[in-house]
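Residue numbers (my numbering), protein chains in the order written: chain A, 908 to 1177; chain B, 11 to 311. Ideal Cβ positions, reconstructed from N, Cα and C, are used throughout, including at glycine. Heads up: the structure comes next, in structure tokens.
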Amino acid sequence: MNAFIHHFVFEFRAGIRNKQLLLMNYLFPLGFYLMMGFIMAEINPFFLEGMIPAMVVFAILAATLLGIPDPLVNARENGVFRSYKINGIPSISILVIPALTTILHLAIMAVLITVTAPLFFQAPLPVNWLNYVLIFAAMAFACAGLSILIGVVSPSSRMTVLWSQLVFVPSVILGGMMLPYSMLPDAAGKFAQLLPATQAMNAFNGLAMGKVAAFSPWSSVFMLLTSGILAFGLAVYLFSWDSRNTERRGHPSLALLVLLPYIIGIFLLA
Amino acid sequence: MIEVKDFRKTYGNYVAVDGISFDVKQGEIFGLLGPNGAGKTSTLECLEGLRAPNGGLLRVAGLDPASEFRKLRNLIGVQLQSAGLPESITPDEAMKFFCAYHNVAPRFDLLERFGLVEKRNTQFYELSAGQQRRLVLALAVAHNPQVLFLDEPTAGLDVATRVELHGMMRELQGGGTTIILATHDMAEAEQMSDRVAILMQGKIITIDTPMEITATGAGLTKISVRTQASSLSAAGAIFPAVSQRTAKGEYSIYFSSDIGSTLSAIIAYIDAQRDELIDLRVERPSLEDRFLEITNAGVAQ
């Protein structure tokens, strides 16, 4: 327990001390939030109705997809994991603790957005706070798991950026933050359902913001949770201590199994 | 303390280590030398439990590194060639963090001993190369390991820091710690190691004390002699086992293949000439000379 606490405290501090992590955890989401608040609200007044969940989802995407995988890959490349192994630090701690500390940073960021958005931009608050917190936790858990998995299977920093952007960019465009899901063409809508952001926005709309969900919101929460569990499980299974060590327990393409809950969801909710 | 028998490590078809055997006694500093690709790192990594061997027997402190790694990790300390610490960790945090995983109280006294107290809250990437090495070494010994693995511990360090680290290694040895030292620095290996093994293409070419290894080479010993009346240079005397003679300032210099007979003859000659010996210097071939001789012979074969 003592070891876990020291590890957690270090990782949490690193999330502020490390300039790249500070940018992804706080500065980038905060800047985007302010920009959207001042510009988007003028262009599209309906944006304000979903501003709080949209900006919280954006913050989650930035902190997890852009913040978690690269430090993991760098640590593996620089022999940090080898050093951890020799000193008895378990792989589960290496994978879970950065995810937990990022979720804690995200909770701080979510509070900041939720408190200031009504004051600065007259954005409506959630109507069901319990569901709001539950969906935030499910989305943060799913994205943290996915990001950890990307960090585990990426062979290099370059590939990490590619994989992360492959999820991040469509999530921002199609995930329901900028445009409502109902406005998407059918094919784009189906593709969007593969993204955690779409599921989170659907759940926020139906369960926390008092709006109408495009499809079953509880199914969205369930998909987020199951994909999060699957992602962490796959990350632990595919984890490698050393980039030079070619002995892996499974092929990295197994990571695609993380999409299974969303794919099943598309067929069940069709 | 360490037992290696017929150890073999392969990567696909590539044989990195080909059936080597050696043992290391408690409190010994054992040097592992060899050119790049000789198999040093593979040997170290298997002894440290980072990789599994493909054959043979490995025992460190009586334990099998592959199957008993959980027990072994508290008995060994490792300084990896790469830094092996997160960039943003401070010495203070690293000490708390690593000691907690070894289930021992943080050894802040080591930060003081290793000259890191003033840098205890500085992030790892902001430390100098010497400070980083000292921190990694402090962490490696914080749980009082029985065996310490050092991979290129002084690479890239200035002279003062090297001397300091060598002093620390001697202190640890004095406390009974067994040290495995993998290095490319022949002077370091010669100075620090009780015994060295020279590896090449996955095999041990020679294993002995640095003195014995240098003594068995074909290298010539350099003898420089200066006398009051310079009788040696005047006479141009010929001595047994001397294959080359030269002079530099007031010194007569001889290259001998048999130091005993040459020295005896030189001293007898000076006595006979009623001259007086002022200075006598004997320079044996270094471990580096012998290493090059051995590895060049290996390449030629």
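key: Partners in chain D for residue 58(B), counting only beta-carbon separations shorter than 8 Å   = Among the protein chains of the structure shown, namely A and B, there is no chain D.
ask   = By Cβ distance below 7 Å, which residues in the same chain neighbour residue 131(B) in space, the five residues on each side in sequence not counted?
value = Around residue 131(B): 100 and 102.
message = If distances are taken between C-alpha atoms only, which option among 1075(A), 992(A), 1028(A) and 934(A) comes closest to residue 947(A)?
response = 1028(A)
request  = Drop a sphere of 10 angstroms on the beta-carbon of residue 979(A), count the other beta-carbons inside from all chains shown, and report buried for 16 or more, exposed for fewer.
outcome  = buried
ask   = Is the CB of residue 913(A) under 8 Å away from at least one CB in chain B?
value = yes
inquiry  = If I measure Cβ to Cβ from residue 285(B) and keep anything under 7 Å in the same chain, skipping five residues before and after, which residues do I get?
reply    = 237, 238, 239 and 241
ask   = For residue 996(A) and chain B, any beta-carbon pair shorter than 8 Å?
value = yes
query = Taking the alpha-carbon positions, what's the residue 1017(A) to residue 1009(A) distance?
reply = Rounded to whole angstroms, residue 1017(A) to residue 1009(A) spans 12 Å at the Cα level.
ask   = chain A partners of residue 217(B), CB-CB under 9 Å?
value = When 9 Å is used as the limit between beta carbons, residue 217(B) is near no residue of chain A, the shortest such separation being about 26 Å.
query = Shorter than 8 Å from the beta carbon of residue 24(B) to some beta carbon of chain A?
reply = no
ask   = Could you give the C-beta distance for residue 69(B) and residue 13(B), rounded to a whole number, given that I count them as a contact under 8 Å?
value = 4 Å
Between the CA atoms of residue 1130(A) and residue 206(B) - distance to the nearest angstrom = 60 Å
inquiry  = Please report the straight-line C-alpha distance between residue 1174(A) and residue 1128(A), rounded to a whole angstrom.
reply    = 16 Å
task = Taking only beta-carbon positions, decide if residue 90(B) is within less than 8 Å of chain A.
result = yes
task = Could you list the residues in the stretch 1058-1072 of chain A with a C-beta less than 9 Å from some C-beta on chain B, going in chain order?
result = Correct list: empty, as no residue qualifies.
task = For residue 65(B), write down the residues that DSSP places opposite it in a beta bridge.
result = Partner(s): 18(B).
key: Rounded distance between the beta-carbons of residue 155(B) and residue 193(B), thought under 8 Å   = Between residue 155(B) and residue 193(B) the Cβ distance is about 19 Å, and since that is not below 8 Å, they are no contact.
message = On the criterion of 16 or more Cβ atoms from any shown chain inside 10 Å, does residue 1012(A) qualify as buried, or is it exposed?
response = Classification of residue 1012(A): buried, given that the 10 Å Cβ count is 16 or more.
request  = Please confirm if residue 989(A) has its CB atom under 8 Å from at least one CB of chain B.
outcome  = Under the Cβ distance rule, residue 989(A) counts among the residues neighbouring chain B, one pair being separated by less than 8 Å.
query = Terminal residues of the continuous alpha helix (DSSP H) containing residue 1169(A)?
reply = 1167-1175
request  = List the residues of chain B that residue 917(A) touches, going by C-beta distances under 9 Å, in chain order.
outcome  = Within 9 Å Cβ-Cβ: 96, 98, 99, 100, 103, 104, 106 and 107.
key: Buried or exposed (CB count within 10 angstroms, at least 16 for buried), residue 162(B)   = With 16 or more other Cβ atoms within 10 Å, it is buried.
key: Other residues of its chain near residue 852(A): CB distance less than 8 Å, five sequence neighbours each side excluded   = There is no way to answer for residue 852(A), as the model of chain A reaches only from 908 to 1177.
request  = Note down, in chain order, all residues in the stretch 66-83 of chain B with a beta-carbon under 7 Å from any beta-carbon belonging to chain A.
outcome  = 83
key: residue 164(B) classed as buried or exposed, judged by whether at least 16 other C-beta atoms fall within 10 angstroms   = buried
inquiry  = Please report whether the beta-carbon of residue 921(A) lies at a distance below 8 Å from any beta-carbon of chain B.
reply    = For residue 921(A), the nearest CB of chain B lies under 8 Å from its own CB, placing it at the interface with that chain.
query = Could one say the Cβ of residue 924(A) lies closer than 8 Å to chain B's Cβ atoms, at least one of them?
reply = Interface residue (Cβ-Cβ distance to chain B less than 8 Å): residue 924(A) is classified as such.
key: For residue 293(B), the nearest candidate out of 232(B), 256(B), 248(B) and 271(B) (CA to CA)   = 232(B)
ask   = Which partner residues does residue 24(B) have in the DSSP bridge list?
value = 21(B)
request  = Find the residues of chain B that neighbour residue 970(A), judging by a C-beta separation of less than 7 Å, and give them in chain order.
outcome  = Within chain B, no residue comes near residue 970(A); the closest Cβ sits about 16 Å away, beyond 7 Å.
ask   = From 920(A), 943(A) and 942(A), pick the residue whose C-alpha is nearest to that of residue 932(A); which is it?
value = 920(A)
message = If distances are taken between C-alpha atoms only, which option among 985(A), 971(A), 916(A) and 1026(A) comes closest to residue 955(A)?
response = 1026(A)
request  = Under 7 Å between beta-carbons, which chain A residues line up against residue 7(B)? List them in chain order, please.
outcome  = Residue coverage of chain B in this structure runs from 11 to 311, which leaves residue 7(B) outside it and unanswerable.
key: For residue 54(B), the nearest candidate out of 86(B), 262(B) and 277(B) (CA to CA)   = 86(B)
query = Where residue 288(B) and residue 254(B) are concerned, what is the direct C-alpha to C-alpha distance, given to the nearest angstrom?
reply = 22 Å
ask   = With respect to the beta strand (DSSP E) encompassing residue 293(B), which residues constitute its N-terminal and C-terminal limits?
value = Unbroken beta strand (DSSP E) run through residue 293(B): 287-293.
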